[in-house]
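Engineer:
Number of protein chains: 2
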Amino acid sequence: MRTTIKDVARAAGVHSSTVSRVINRKPCISQETVKRVFSAIEQLNYTPNALARSLKTKKIQTLAMLIPDISNPFFAELARGVEDTANQYGYNVILCNTDDCFEKEVTYLKLLAEKRVEGLIVATAQIRDKSILELGKTGCPYILLSRNIKGLQENSISIDDIAGGYLATEYLISLGHRNIAHIAGPYNTTTALDRIKGFKKALLTYGVPFQKQYIGEGDFRITGGYQVMKQFLELENPPTAVFTANDLLAVGAIEAIRENGFDVPADISIIGFDDIKLASYFSPPLTTIRQPMVEMGSLAIVKLLERIEHNITHPNILIKPELVVRKSCRRIN
Amino acid sequence: MRTTIKDVARAAGVHSSTVSRVINRKPCISQETVKRVFSAIEQLNYTPNALARSLKTKKIQTLAMLIPDISNPFFAELARGVEDTANQYGYNVILCNTDDCFEKEVTYLKLLAEKRVEGLIVATAQIRDKSILELGKTGCPYILLSRNIKGLQENSISIDDIAGGYLATEYLISLGHRNIAHIAGPYNTTTALDRIKGFKKALLTYGVPFQKQYIGEGDFRITGGYQVMKQFLELENPPTAVFTANDLLAVGAIEAIRENGFDVPADISIIGFDDIKLASYFSPPLTTIRQPMVEMGSLAIVKLLERIEHNITHPNILIKPELVVRKSCRRIN
DNA sequence: AATTTTTTTGAAATTACTTTGATTTATTCC
DNA sequence: GGAATAAATCAAAGTAATTTCAAAAAAATT
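Chains as they are written, first to last, in the working numbering: chain A, 34 to 366; chain B, 34 to 366.
1) Could you please give the first and the last residue of the uninterrupted alpha helix (DSSP H) stretch that includes A/Gly285?
2) Are there 16 or more other CB atoms within 10 angstroms of the CB of B/Arg149, so buried, or fewer, so exposed?
3) Show which residues of chain B have a CB atom less than 7 Å away from the CB atom of A/Ser87.
4) By Cβ distance, which residues of its chain are closer than 8 Å to A/Thr157, with the 5 residues on each side in sequence left out?
5) Closer than 8 Å by beta-carbon distance: list the chain A residues that pair up with B/Leu338, in chain order.
6) Excluding the 5 residues preceding and the 5 following A/Leu236 in the sequence, name in chain order all residues of the same chain whose CB lies nearer than 6 Å to its CB.
7) Output needed for B/Ser302: all residues of its chain with C-beta closer than 6 Å, excluding positions within five of it in sequence on either side, in chain order.
8) Check whether the Cβ of B/Ser361 lies closer than 8 Å to any Cβ atom in chain A.
9) Kindly indicate which residue of B/Leu281, B/Gly198 and B/Asp252 has the alpha-carbon position closest to the one of B/Asp227.
10) Using a Cβ cut-off of 9 Å, which residues of the segment 176-193 of chain B contact any Cβ in chain A, in chain order?
11) May I have the straight-line CA-CA distance separating A/Ala201 from A/Arg323, to the nearest angstrom?
12) Go through its chain and collect everything with a Cβ distance to A/Phe108's Cβ below 7 Å, but skip five positions before and after it.
13) Starting from the beta carbon of B/Thr256, find every residue of chain A whose beta carbon is closer than 7 Å, and list them in chain order.
14) Quick one: which chain B residues come within Cβ less than 9 Å of A/Ser316?
15) A/Ile93 CB to nearest chain B CB: under 8 Å?
16) Out of B/Asp117, B/Tyr220 and B/Ala225, which one is the CA nearest neighbour of B/Asp193?
17) What are the boundary residues of the beta strand (DSSP E) that includes B/His18?
18) State the DSSP-derived secondary structure class of A/Gly152, mapped to helix, strand or coil.
19) When you compare only the Cα positions, how much space is there between A/Glu368 and A/Asp307?
20) Could you tell me which residues DSSP puts in a beta bridge with B/Ile350?
21) Report the CB separation of A/Tyr175 from B/Val284 in whole angstroms; it is logged as a contact under 8 Å.
22) Would B/Glu151 pass as an interface residue toward chain A - the criterion being a Cβ-Cβ separation below 8 Å?
23) For the segment 205-226 of chain A, enumerate the residues whose C-beta is nearer than 9 Å to any C-beta of chain B, in chain order.
24) Excluding the 5 residues preceding and the 5 following A/Ser331 in the sequence, name in chain order all residues of the same chain whose CB lies nearer than 6 Å to its CB.
25) Along the chain, which unbroken stretches of the beta strand (DSSP E) at least 3 residues long are found entirely within the segment 88-140 of chain B?
26) Could you pull the start and end residues of the alpha helix (DSSP H) that B/Val261 belongs to?
27) Can you pull the DSSP bridge partners for B/Ile248?
28) Using a cut-off of 8 Å between C-beta atoms, extract the partners of A/Asn130 located in chain B.
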């Protein structure tokens, strides 16, 4: 049997409600009793039971974070920002890997609702995500991070994907490329779709015709980049430059290019997206579009807590992307 | 006011204890009432309160995982294994980044104790870690993952670091190297110390003299590898091969080597440790010692749950490391 | 049909805390 | 010194479930 507040009360010769007041630093307690209570706590090695407390106060000081896969460096950095800031505010965060699988997401959400977590960071949203929509109804505060769902005007934080896609493509065009391909993310994410929009917008702006065979759907992972790139390489007219929707896709694409005996950037230029920590250590160092992942995770928590603690909602936040030039792209004639 | 079990009971025309029985699939309930209760639950959109349940049952189905930094790919992969398997068994896991900072570790442990998490995966242990030792006293089940503490004979899971260090060094020696340096991890981790032991053991076995200036303390991160390598390069007799205590240190070392105008592996060979997912995509593809991170994380949970649910302790588990040859080492005359 | 047994349900206690209102004790003021 | 006020403490109710024991209803047995 663990020691309870009553044991402490008995040892200190006071009532349990007094002990509660001491622990929670409520006013109207004599110095004398404070001392007695604390010494009893120490002596009995008492640890308050947060479950019982939360049952009454309805504050449990834990959040949860839904991401596809923590072993993906993009989400790991996001998670670092999230956890750090949550911890600063006295909250713990439960980690959930969904693998972008709907059933997993639903199961997690149900479990988390039972545990009464106070808020959610959701980085797994798909374009039409019924379970997120339902989240709104249950009243559990949430912030969509990095991915949005169609039509939602508030409570999301993400990079300006359209601007990012535009920036990447514009850069390739500025280097003289015309045959520019795009390895996109999964089409059921706003992230992927918006980067495509930016890609097309840049082509249009600079009068480069869009060619359907120059776009392929990847999975935001190395293997996807490899596979789509292989298809591009089989084309009659392979692209001279490829914009990949994230850095991992770029890694896969580079591997495919090498395997076919070509070089990056001599034969084909590659630009990624995210700027994960290791991007500058790839071969060649990867030119990419930077997202401030840690800061975004941190901001997501700040906004989530504003919602939880002061019921403030805010319109969607768009972070400005940034071009990071390294060595995976080259100018052509 | 959220709907409670009593609301459901009222709606179904039964007592709350009956509803509880239905939810928990206890025997001795008529089909009739089961149906009525479930329909009431559905109608009222009832979600049981796990806090209240846990208060009574003392089972909260949540674990926690202490790691230095989730944005380090090694720990991210470990975390993936941990979370996946925990989830399979119906547990959630709270993520804690300590940055190897003692105060943070202590603060987390206190918070987690109050929340009554049922078990801990600890990947932050330092050689003499008072807070871990105290964990043993409080009776909270835990598994030390990847790092051990001095003298502990049970409840840890890690790679055989001595064997790993030996394997790496032996490989460099087999390629003809004699001037072999080692960039170690922080000296307050068993991981670092044991890999050093393996390093020295191999040197001894093959009659290569150990030179004090050929060993330096890193931080398991890119910057540390860079800094220590810079020092090696200033030596009168720089090493022809370097064994780094993890892959990130290798990345930093390679950068330093390049900056000084040398090439890997032409001038200096590098072998890492861990085999993080991206290791094969560095330039050059990194030769390294593989740890099965995901499997280790998974195993840690299995063993932790054995302890929690059946009170089984087990002696320390040592996983066998494996040499992965890629292109960052070369044979010399 | 009466009795026993089994199944089903309900009432009350329990879990460990917080909080409100009441009561006691101490302090201030006239 | 007594009344009014303020400070300190206690008692009891509330939080939302589970669980045990007892009672009622149904089924089985004689």
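Backbone N, C-alpha and C define an ideal beta-carbon position, used for all residues, glycine too. Treat the numbers as computed from the prediction; the structure is a model and nothing was measured.
Structural biologist: In this structure, then:
1) Residue mapping note: residue 285 of chain A aligns to position 252 of the first sequence, counting from 1. Segment Asp280 to Glu292, the alpha helix (DSSP H) holding A/Gly285.
2) In the second sequence, counting from the first residue as 1, residue 149 of chain B sits at position 116. Classification of B/Arg149: buried, given that the 10 Å Cβ count is 16 or more.
3) For the purposes of this step, residue 87 of chain A is taken as residue 54 along the first sequence, with counting starting at 1. Neighbourhood of A/Ser87 in chain B, by CB distance below 7 Å: Leu84, in chain order.
4) Taking the first sequence and counting its residues from 1, one reaches residue 157 of chain A at position 124. The residues are Leu99, Ile100, Pro101, Thr131, Asp133, Glu138 and Arg180.
5) Working through the second sequence from its first residue, we reach residue 338 of chain B at position 305. Taking the beta carbon of B/Leu338 as reference, no residue of chain A falls within 8 Å; the closest one sits roughly 17 Å away.
6) Working through the first sequence from its first residue, we reach residue 236 of chain A at position 203. Within the same chain, Cβ atoms closer than 6 Å to the Cβ of A/Leu236 are found at Phe243, the five residues on either side in sequence being excluded.
7) Here the question's residue 302 of chain B lines up with position 269 in the second sequence. These residues qualify, in order along the chain: Ala274, Cys362 and Arg363.
8) As a working note, residue 361 of chain B is residue 328 in the second sequence. Chain A, which has no Cβ nearer than 8 Å to the Cβ of B/Ser361, makes this no.
9) Against the second sequence, residue 227 of chain B aligns to sequence position 194. The residue among B/Leu281, B/Gly198 and B/Asp252 with its C-alpha nearest the C-alpha of B/Asp227 is B/Gly198.
10) Within the segment 176-193 of chain B, no residue qualifies.
11) Translated into the one-based positions of the first sequence, residue 201 of chain A becomes position 168. Translated into the one-based positions of the first sequence, residue 323 of chain A becomes position 290. Those two C-alpha atoms are separated by around 10 Å.
12) Start at 1 with the first residue of the first sequence, and residue 108 of chain A comes out as number 75. Closer than 7 Å at the Cβ level, and outside the excluded window around A/Phe108, lie Ile100, Pro101, Asp102 and Ala156.
13) For this step, residue 256 of chain B is matched to residue 223 along the second sequence. Within chain A, no residue has its CB atom less than 7 Å from the CB of B/Thr256, the nearest being about 11 Å off.
14) Walking along the first sequence from the start, residue 316 of chain A turns up at place 283. Within 9 Å Cβ-Cβ: Tyr314, Phe315, Ser316, Pro317 and Pro318.
15) As a working mapping, residue 93 of chain A is identified with position 60 in the first sequence. Yes, A/Ile93 counts as interfacial toward chain B.
16) Counting from one through the second sequence, the residue named residue 193 of chain B turns up at place 160. Comparing Cα positions, the closest option is B/Ala225.
17) Given a span of 34 to 366 for chain B in the structure shown, any question on residue 18 of chain B remains unanswerable.
18) Working through the first sequence from its first residue, we reach residue 152 of chain A at position 119. A/Gly152 carries a strand assignment under DSSP once its states are collapsed to helix, strand and coil.
19) Lying before the first or after the last residue shown, residue 368 of chain A is absent from chain A, which here runs from 34 to 366.
20) The residue labelled residue 350 of chain B in the question sits at position 317 within the second sequence. According to the DSSP secondary-structure assignment, B/Ile350 is paired through a beta bridge with B/Ile190.
21) Your numbering for residue 175 of chain A matches position 142 in the first sequence. Your numbering for residue 284 of chain B matches position 251 in the second sequence. So it is not a contact: roughly 36 Å between Cβ atoms.
22) The residue you call residue 151 of chain B lines up with position 118 of the second sequence. Interface criterion not met: the Cβ of B/Glu151 is under 8 Å from no Cβ in chain A.
23) For the segment 205-226 of chain A, the set of positions with a beta-carbon nearer than 9 Å to some beta-carbon of chain B is empty.
24) Taking the first residue of the first sequence as 1, we reach residue 331 of chain A at position 298. So the qualifying residues of the chain are Gly114 and Thr118.
25) Fully enclosed beta strand (DSSP E) runs of 3 or longer: 95-100 and 125-130.
26) Along the second sequence, one-based indexing puts residue 261 of chain B at 228. In the DSSP annotation of this structure, the continuous segment of the alpha helix (DSSP H) that includes B/Val261 starts and ends at Ile255 to Glu267.
27) Counted from its first residue, the second sequence places residue 248 of chain B at position 215. Within the DSSP bridge table, the entry for B/Ile248 names B/His215 as partners.
28) Locating residue 130 of chain A in the first sequence gives position 97, where the first residue counts as 1. Those within 8 Å of A/Asn130 in chain B are Arg113, Glu116, Asp117 and Asn120.
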